[in-house]
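Data block below; observations after.
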Amino acid sequence: MPKTIVFVNRWQAGANKNYDKRRIDMKKQFVKLIAVFGLALVMALSAISAAFAEDPKPIVPLTDPMAPFLESRAFAKSKGATAEFNKMEWVAIDPVNNKLYMAMTDITKAMSDKEGAIKLTENRCGIVYVADLDKDYNTSALRPLVVGGAYNSSWAPDKCTVSKISNPDSVFVDSAGNLWIGEDTSNHQNNFLWRYDTKANKLERFATLPLGAEVTGVFISPAGDVFINAQHPSAMNPYPYNRGFIGVVTGFKATDSFTPLPDPTSAVKEMTVAKGTYQVLARVGELIPNDFHGQRFGQINSVSGKMMEMCNQPDGNMFLPTNGDSTEGYLYTNYECQPGGVSKIYIKKNGDKWDVLEGENVDFASVGGTWNNCGASVTPWNTAMTAEEYEPPALLDSWKANVAPMTEYLGEQANPYNYGWLVEMKPDTSGNILGTVAQKRYAMGRFAHEMAAIAPDKKTVYHGDDGANVVFFKFVADEAGKLNAGTLYAAAITQTGETLQIKWIELGKGNDEEIAEAISTMKLPAK
Numbered sequence: 033m034p035k036t037i038v039f040v041n042r043w044q045a046g047a048n049k050n051y052d053k054r055r056i057d058m059k060k061q062f063v064k065l066i067a068v069f070g071l072a073l074v075m076a077l078s079a080i081s082a083a084f085a086e087d088p089k090p091i092v093p094l095t096d097p098m099a100p101f102l103e104s105r106a107f108a109k110s111k112g113a114t115a116e117f118n119k120m121e122w123v124a125i126d127p128v129n130n131k132l133y134m135a136m137t138d139i140t141k142a143m144s145d146k147e148g149a150i151k152l153t154e155n156r157c158g159i160v161y162v163a164d165l166d167k168d169y170n171t172s173a174l175r176p177l178v179v180g181g182a183y184n185s186s187w188a189p190d191k192c193t194v195s196k197i198s199n200p201d202s203v204f205v206d207s208a209g210n211l212w213i214g215e216d217t218s219n220h221q222n223n224f225l226w227r228y229d230t231k232a233n234k235l236e237r238f239a240t241l242p243l244g245a246e247v248t249g250v251f252i253s254p255a256g257d258v259f260i261n262a263q264h265p266s267a268m269n270p271y272p273y274n275r276g277f278i279g280v281v282t283g284f285k286a287t288d289s290f291t292p293l294p295d296p297t298s299a300v301k302e303m304t305v306a307k308g309t310y311q312v313l314a315r316v317g318e319l320i321p322n323d324f325h326g327q328r329f330g331q332i333n334s335v336s337g338k339m340m341e342m343c344n345q346p347d348g349n350m351f352l353p354t355n356g357d358s359t360e361g362y363l364y365t366n367y368e369c370q371p372g373g374v375s376k377i378y379i380k381k382n383g384d385k386w387d388v389l390e391g392e393n394v395d396f397a398s399v400g401g402t403w404n405n406c407g408a409s410v411t412p413w414n415t416a417m418t419a420e421e422y423e424p425p426a427l428l429d430s431w432k433a434n435v436a437p438m439t440e441y442l443g444e445q446a447n448p449y450n451y452g453w454l455v456e457m458k459p460d461t462s463g464n465i466l467g468t469v470a471q472k473r474y475a476m477g478r479f480a481h482e483m484a485a486i487a488p489d490k491k492t493v494y495h496g497d498d499g500a501n502v503v504f505f506k507f508v509a510d511e512a513g514k515l516n517a518g519t520l521y522a523a524a525i526t527q528t529g530e531t532l533q534i535k536w537i538e539l540g541k542g543n544d545e546e547i548a549e550a551i552s553t554m555k556l557p558a559k
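In terms of the numbering used here, the sequence shown has 164 at position 132, counting the first letter as 1, and numbering is strictly consecutive.
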């Protein structure tokens with residue numbers, strides 16, 4: 033059978049080839065279109081889902097009469113307060129010049145995202161703010177005073193300018209109005225303690241802490257003695273700077289002149305001060321002198337007496353003088369763990385040095401224990417105020433897990449609403465016990481208490497609320513010298529330039545007795 037020969041000209045072959053190519057291209061474009069449409073659909077559905085998703089619900093709803101005190105931050109936000117602050121740390125009051133100071137570790141997240149009420153320029157090195165106080169100790173604006181920076185990640189290990197503050201944490205005012213600023217930073221190789229001359233606008237480095245150590249416990253006694261602690265120093269530092277320690281500068285008063293320490297050129301592994309001598313009063317893990325319980329500094333025991341941890345995080349100091357010239361008294365020191373703790377030692381001046389005569393760890397079983405004891409202050413009536421930082425979230429779906437350490441401490445189920453408070457302490461003056469009387473101040477609100485500064489009127493209190501998306505709070509007591517009852521306020525912010533204007537919103541009036549009863553009689557969910 034003869035073969036059939038089919039002739040196809042080149043034009044037709046090329047046309048067919050181009051047609052096939054166009055068809056393939058169209059298929060590819062269609063697939064891309066479907067993919068883009070699918071992605072857009074997924075994103076739209078996700079956005080709709082997020083819009084309708086509910087935040088985790090607290091055990092106590094915001095409609096509850098006790099919500100202003102038990103869910104203070106969420107309640108404040110629902111009433112129009114600004115919940116955009118980030119890492120709000122210590123506050124300090126200058127009673128002579130009527131100033132309020134606040135340390136803001138860094139200006140990031142909601143403070144610099146160009147949304148909401150606060151739209152500041154980002155500053156990863158932090159700022160200390162100042163506010164004027166009127167005759168009633170009210171304030172209406174925060175403005176930047178001591179500014180950290182600049183920041184550059186390539187400058188490591190000192191990513192923030194070493195001649196300026198970096199991530200301020202603690203602040204304290206001495207009798208001359210100087211502002212002392214302690215750092216908690218990973219943007220300086222070593223953390224520093226600075227003195228800022230508010231009259232001359234001059235910043236001076238007074239102390240360099242050992243490698244790895246955060247500046248904590250900054251406290252200046254009525255006599256001008258400077259107490260400083262070191263939290264979590266590197267274990268590779270030489271003794272005695274290889275554990276958390278508590279101490280004081282001898283041969284120096286806070287208002288004395290000194291030659292500032294130069295910028296360090298390498299890592300410093302010892303405690304260095306510009307003037308005087310640093311004396312270590314206590315180290316974590318060492319036996320407490322003349323403690324009839326035989327315990328150690330930093331030791332956290334459960335209610336049953338079992339040792340749970342050795343907390344290497346000494347934090348805020350509170351010195352309560354027992355004489356007129358402040359040469360002896362009780363030094364209380366926080367330990368920032370969960371459960372938290374406080375040590376108490378009796379110290380007495382002996383020439384230039386201090387003798388540690390006796391001490392103990394405070395027993396908090398009567399108040400259900402304490403949590404993450406952070407910053408500290410002393411009231412005008414000479415009692416100590418320890419702060420429970422980072423309140424455990426009391427959420428319906430996770431509350432048990434959030435207080436697991438406290439459940440272990442108690443030996444029974446802990447209530448999350450029992451933590452996140454200021455706790456007032458004093459040595460028992462009745463002589464009935466050898467220990468310390470502790471009272472949680474429920475009327476002052478429950479949030480991430482960094483610490484509290486009490487004004488000279490003995491009624492007005494300003495708080496630091498640590499963490500992200502937090503609120504600036506104020507409390508005004510009903511009676512001077514009594515923090516058991518009063519009115520809680522929260523700040524609504526309007527920004528003008530770099531200044532934060534404040535309008536105070538009343539959240540509620542409360543008293544310790546009623547709030548404590550609400551907590552103790554609360555029926556917790558089964559989960």
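Here a beta-carbon is modelled for each residue, glycine too, at the ideal position from N, C-alpha and C.
Can you confirm whether residue i, when its beta carbon is compared against all beta carbons of chain B, has any partner nearer than 8 Å?
i	result
V455	Of the protein chains in this structure there is only one, and it is not chain B.
Would you say residue i and residue j are within 8 Å of each other, going by their C-beta atoms?
i	j	result
C406	D347	yes
Q331	G279	no
Y364	V374	yes
R275	N222	no
D145	R156	no
I252	A306	no
V493	K506	yes
K376	D387	no
T114	A149	yes
Identify whether residue i lies in helix, strand or coil by the three-state DSSP scheme.
i	result
R275	coil
T531	strand
I56	Reliability fails at I56, whose pLDDT of 48 lies under 50, so the model's placement of it is uncertain and the value that follows must be treated cautiously. In the structure shown, I56 sits in a helix (DSSP, three-state: H, G or I).
V335	coil
Y422	coil
E116	coil
N434	helix
R105	helix
S409	strand
I139	strand
E444	coil
T230	coil
M569	The structure shown does not extend to residue 569, since the chain is modelled only from 33 through 559, so no value can be given for it.
N50	Bear in mind that the predicted position of N50 carries a pLDDT of just 48, short of 50, making it unreliable; the figure below should be weighed with that in mind. Residue state, collapsed to three classes: helix.
N450	helix
I465	coil
E147	coil
Run through the DSSP bridge pairs and tell me what residue i is partnered with.
i	result
N184	BP columns for N184 are empty, so no partner.
G518	A509, G542
V123	M134
F350	The sequence shown places Met at residue 350, rather than the Phe named in the question. Y364.
F204	W212
Q311	V280
A163	L132
I486	V493
D387	K380
C192	Y183
P100	For P100, which the question treats as bridged, DSSP gives no partner whatsoever.
T29	It is not possible to answer for residue 29, since the shown part of the chain is limited to 33 through 559.
E549	Looking at the DSSP assignment, E549 forms no beta bridge with any residue, so it has no partner.
W536	A523
Q471	E456
By how many angstroms is the C-alpha of residue j removed from the C-alpha of residue i?
i	j	result
A72	K141	Bear in mind that the predicted position of A72 carries a pLDDT of just 48, short of 50, making it unreliable; the figure below should be weighed with that in mind. Those two C-alpha atoms are separated by around 27 Å.
G529	D544	40 Å
E236	V160	15 Å
G326	I320	7 Å
D489	T519	15 Å
G209	S289	14 Å
D87	E538	24 Å
S110	I551	22 Å
G372	M417	14 Å
E215	T248	8 Å
G478	P97	A small fix is needed here, since residue 478 is Arg in this sequence, not Gly. One C-alpha to the other measures close to 14 Å.
W403	F238	31 Å
M350	S430	34 Å
Using 7 Å as the cut-off, classify the Cβ of residue i as near or not near the heavy atoms of the ligand NAD, replying yes or no.
i	result
T365	Ligands are entirely absent from the displayed structure, and the ligand NAD is therefore not among its contents.
Subject >> Touching by the beta-carbon criterion (3+ pairs, under 8 Å), the stretch 114-125 and the stretch 201-218 >> reply: yes
Subject >> Inter-stretch contact (C-beta, 8 Å, three-pair minimum) for the stretch 521-534 and the stretch 173-191 >> reply: yes
**OP:** Please determine if the stretch 128-140 and the stretch 505-521 are in contact, where contact requires at least 3 C-beta pairs separated by less than 8 Å.
**Re:** no
Original post:
Would you call the stretch 293-301 and the stretch 261-276 touching, i.e. three or more CB-CB distances under 8 Å?
Top reply: yes
Subject >> At least three beta-carbon pairs within less than 8 Å, the stretch 326-341 to the stretch 428-444 >> reply: yes
Original post:
Would you say the stretch 277-297 touches the stretch 251-262, given that touching needs at least three Cβ pairs under 8 Å?
Top reply: yes
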